[in-house]
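Everything below concerns the one structure shown next.
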Amino acid sequence: MKHPVTREFTLAELAERLGAHLEGDGGRRVRGLATLREAGPDQVAFVANRSYLKDLSATRAGAVLLQPEHAAACPVARLELANPYLGYAQLSQLFDPILAPPRGGIHPAAVVADDVVLGERVEVGPNAVIEAGVELGDEVVVGAGCFIGAGSRIGAGSRLHPNVTVCHGVVVGARAILHSGCVIGADGFGFAHDGGRWHKIAQLGGVVLGDDVEVGSCSSIDRGALDDTVIGNDVKIDSQVQIAHNVRIGDHTALAGCVGIAGSTRVGRNCMLGGGVGLAGHLTIGDGVQVTGMSLVTNSIHEPGVYSSGTGAMTNALWRKNAVRFKQLDDFARRLARLEKRGREG
Amino acid sequence: MKHPVTREFTLAELAERLGAHLEGDGGRRVRGLATLREAGPDQVAFVANRSYLKDLSATRAGAVLLQPEHAAACPVARLELANPYLGYAQLSQLFDPILAPPRGGIHPAAVVADDVVLGERVEVGPNAVIEAGVELGDEVVVGAGCFIGAGSRIGAGSRLHPNVTVCHGVVVGARAILHSGCVIGADGFGFAHDGGRWHKIAQLGGVVLGDDVEVGSCSSIDRGALDDTVIGNDVKIDSQVQIAHNVRIGDHTALAGCVGIAGSTRVGRNCMLGGGVGLAGHLTIGDGVQVTGMSLVTNSIHEPGVYSSGTGAMTNALWRKNAVRFKQLDDFARRLARLEKRGREG
Amino acid sequence: MKHPVTREFTLAELAERLGAHLEGDGGRRVRGLATLREAGPDQVAFVANRSYLKDLSATRAGAVLLQPEHAAACPVARLELANPYLGYAQLSQLFDPILAPPRGGIHPAAVVADDVVLGERVEVGPNAVIEAGVELGDEVVVGAGCFIGAGSRIGAGSRLHPNVTVCHGVVVGARAILHSGCVIGADGFGFAHDGGRWHKIAQLGGVVLGDDVEVGSCSSIDRGALDDTVIGNDVKIDSQVQIAHNVRIGDHTALAGCVGIAGSTRVGRNCMLGGGVGLAGHLTIGDGVQVTGMSLVTNSIHEPGVYSSGTGAMTNALWRKNAVRFKQLDDFARRLARLEKRGREG
């Protein structure tokens, strides 16, 4: 489904907001974004990279965001700028119906403790529950059904979508986006084993999220055992991610869906972990490390670069023949060495 | 624990509902289902396939669903039909205490916007929150604590279990079942990188679920960036699944628990993905593809069939010896070729 | 962030609670726990194992938990006991601000059915919803926004953190800890295939959790098809775990984050499954089995011990060369055998 049209801008307005050079009718009004192929005359399209150029000549878009070098091939109005994909990101914010400035106000069906400190224009949705000692910065939006535990602080401009849980003693920086179903600050998984059974270690640390952090739906960031679990600035976390206690993640790192990071592992700045990647506990992953999807990392990584493990899918028939040989690899190695030795001696 | 007995049928009634041939006392009353081994005289059992036949002769069930060819071996009343497992599925619906027709009514502790369009016999539980512009079809059930965002539409006969989140601008078809904790329509994971940091791309598309879709607990289906994320009719999605933005899934496809599908990948009709399978982004998976558990798919698959990757568990001692050889495989290949060449030359 | 100081004990009090031998000033007051390196004079530190001994001589802690054999190296007051890590676990409970005894009471914004049976000092938070026929034992705490479905029973001393969902007909033992976002008792994933489409099998079993079970945030334990899904006593389940219908897990078993267990598999007592481990359906895993992170188990395991699969990450360049050889392993094996045969014959 398409959203109802909610906002309209002239091309001149968009050019000014983006700092782009406009060629075309500045008075033309547009109402949304679309791909080069699907855009109509009231929508803006973009050439994010060369692979899109093939669609440019036939576009019906009202205007196209592109680099100056592609201007000649554009049959319609154009907004020229160095990074059209960034321009697309910036315009997308304008057209998002959910990103209107908060109206402010506490819904009467929210349950907010008396001593909660509320910034300007804070908005709290119905059935949200906010415990004692919580501080919400200016323009924080707390969605319906959210829970914020005692003593937690949410920085200015942050948005908690509906049904988010922030446990007690959690600090969230400015401009965070927490998606529905995520849980920040549940207990880490810590037990002492004694007498044939588990004895729970209370998780006394908290969670600290820096500024501009995004956490996807149904993701978990557990609280620390003694010290805090710490997520740096501008860290982007997708859905279904598990971050265990006392993990520390550096600024600008991005974690794709279904990533799992075990306890006390440190991940550097500007890292990218692909979907389903697993990091064992107590590792150190340096800055600028990229790990491809579903890889298992059991050792620290100190050099930037791309890392991988696993094998890609093949037909089950081919896989059955080959996977069974995995258990024989050490045997192969020894037999191969024997043959080579015999060859040299023979 | 066993549920309290809530419904009772005669064998004649069941035979009629199933279109089965009854041999035995049509007036016998039964109150539930059980396996051949555990069923008592007031329960119905079934022979789903040949592996169950060994339990047939000793069953104490009140009646057994089976194929006519197995009738002779049945010591009790029998309901003969071509697909006994289907018959079991159909009877299971009768005995499910939660599947009573909705009583209808909006709980006084629900928060429902004034302009919400309500079909006949809609039921909304306590503390559910339904925003402006939502449409709920006939006999929709919205469980306690659910959130339905602005402008979303839920088709007739659909059931949202407690604490489900449906974000704004989502379309759910008829007879959907959304389990607790699932989140439909949270933002996809999209950012432009510029100046050493991430710039969010607002996710302006929606999510469209076809008819007869089921989504398991704590699963995420993210909204599209520009176009919608689209889930076909009769698609069955288990718990803890992540479906990224702009994924499209064809009719009758089933995804087991912990599957992750990255952005813009298309999965065909009648596919089955085993537990923990990961599909990379921007792939095309054709119709009738099955992928076994925890396989990683990084290339498109155009032929129907069964696909696999990975290796099964072995003792850690055996694994340590062999896994270390994985890094030497290319070296093995070269050495093997050298030996063969030498053999041919020698 | 650090929690506000909430409790204070003398070393003599702690020694008595732990049954530890105190050397030092019994009147010294302490207010929390920290590592040897970070502890100040009002905090207690611990020597969990020999690797911490290097930090002992320089510690500024108010007291240290340690084994008697390490007493000589301790520069401050000490609490000597056989298992200092257990001692740490026990003290951690004392200092956890959330583990105060429940104040009791039903919040006026909770929705509790008339016939719910409430033990002594039960506490129900705002916007929790508790359906008919539920029984809550003494000192049960139900957090804000939780849902407990019809007929479920929660044992004495159990705590449901905010936004937990317990579906109908679930039994939770004593002293359970259910973390936010977990869902106990959603439908298992069962369908009959007929006529080109899926027919739902209603899930008529329940879920039974033993005593002292912990379930992490956003984890799912599905209800059984006919019989129950059964989790033993003292089973510890981390975040983002999926347990399918009719799984049975033995006492004292621990499952790390992102584990997935498919339907009807039985896991023994005292097992440990590492993060991201996947167990196929209908397996039997014996007692005392440990599986390392992200391993795939497709066959039953009858002997205790450690099991593994997969391969660890390497540089992408190295991985590309080697992973492609995986499809050639069977070919390698045949060629190797041929060379050996030729060698023997030659």
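Protein sequences, first through last, are from chains A, B and C.
Count the first sequence with the numbering used here and you get residues 22 to 367, in order.
Count the second sequence with the numbering used here and you get residues 22 to 367, in order.
Count the third sequence with the numbering used here and you get residues 22 to 367, in order.
Quick reminder that beta carbons are idealized off the backbone N, C-alpha and C, glycines included.
| Item | Value |
| --- | --- |
| Minimum length 3: unbroken beta strand (DSSP E) runs contained in the segment 204–246 of chain B | 212–215, 218–221, 228–230 |
| Separation of B/P123 from A/A82, as counted between CA atoms | 47 Å |
| C/A275, buried or exposed, once every other Cβ within 10 Å from all chains shown has been counted against 16 | buried |
| Contact belief for A/I242 with A/G253 at Cβ below 8 Å, rounded distance in angstroms | Incorrect: roughly 13 Å between the Cβ atoms, too far for contact. |
| Between the CA atoms of A/R52 and C/E160 - distance to the nearest angstrom | 56 Å |
| A/L102 (DSSP reduced to helix, strand or coil) | coil |
| CA-to-CA distance, C/P89 to C/L39, given in whole angstroms | 14 Å |
| Where A/N273 sits in the DSSP three-state scheme | Here the sequence assigns His to residue 273 of chain A, which means Asn is not the residue at that position. Coil, per DSSP. |
| Option in A/S321, A/T336, A/A344 with minimal Cα separation from C/T319 | A/A344 |
| Chain C contacts made by the segment 311–330 of chain B, where a contact means CB separation under 7 Å | G314, M315 |
| Proximity to C/T286 [Cα-Cα], best of C/R99, C/L300, C/R365 | C/L300 |
| Distance between beta carbons of C/L77 and C/V68, contact taken as under 8 Å | 6 Å |
| First and last residue of the uninterrupted alpha helix (DSSP H) at C/F347 | No alpha helix (DSSP H) contains C/F347, which DSSP labels as neither H nor E. |
| Within chain A, partners of B/R356 - CB distance below 7 Å | L357, E361 |
| B/A195: contacting residues in chain A (beta-carbon distance under 9 Å) | The contacting residues do not exist; B/A195 stays about 15 Å from chain A at best. |
| Burial state of B/S72, where buried means 16 or more other Cβ atoms lie within 10 Å | exposed |
| Inter-residue spacing [alpha-carbon to alpha-carbon] between B/L35 and B/A98 | 12 Å |
| Runs of beta strand (DSSP E) lying entirely within the segment 287–335 of chain B, each at least 3 residues, in chain order | 310–312, 326–329 |
| Whole-angstrom distance between C/H303 and C/L225, CA atom to CA atom | 19 Å |
| Proximity test, Cβ basis, 7 Å: B/D7 and chain A | Past the edges of chain B, shown from 22 to 367, lies residue 7 of chain B, and the structure says nothing about it. |
| Nearest-angstrom Cα separation, counted from A/V192 out to B/D259 | 33 Å |
| Stretch-stretch touch, CB-based, cutoff 8 Å, three pairs: the segment 324–344 of chain A with the segment 318–336 of chain C | yes |
| Chain A contact residues for B/R218, given Cβ-Cβ distances below 7 Å | D255, H273 |
| Secondary structure of B/Q263, DSSP reduced to three states | strand |
| Separation of C/I205 from C/V228, as counted between CA atoms | 7 Å |
| Under the three-state DSSP convention, the category B/R180 falls into | strand |
| Contact list for the segment 199–211 of chain A against chain C, Cβ threshold 7 Å | G202, V204, A207, D208, F210 |
| Sub-7 Å separation of C/R356 and B/L357 beta-carbons | yes |
| Cβ neighbours of C/A171 in the same chain (closer than 6 Å, five flanking residues each side left out) | E152, A153, G154, H189 |
| Rounded C-alpha distance that separates B/L102 from B/Q111 | 12 Å |
| Candidates B/F353, B/G146, B/G202, B/G364: closest to B/G126 by CA position | B/G146 |
| Identity of the residue in A/N267, A/L181, A/I322, A/C239 nearest A/G245 by Cα | A/N267 |
| Beta carbon proximity, A/I222 to chain C, threshold 7 Å | yes |
| C-beta neighbour in chain B for A/L294, strict 7 Å | no |
| Below-7 Å beta-carbon distance, A/M22 vs any chain B residue | Confidence at A/M22 is low in this model, with a pLDDT of 34, below 50, so its placement is unreliable and the value that follows should be read with caution. Cβ-Cβ to chain B under 7 Å: yes for A/M22. |
| Where C/G364 sits in the DSSP three-state scheme | helix |
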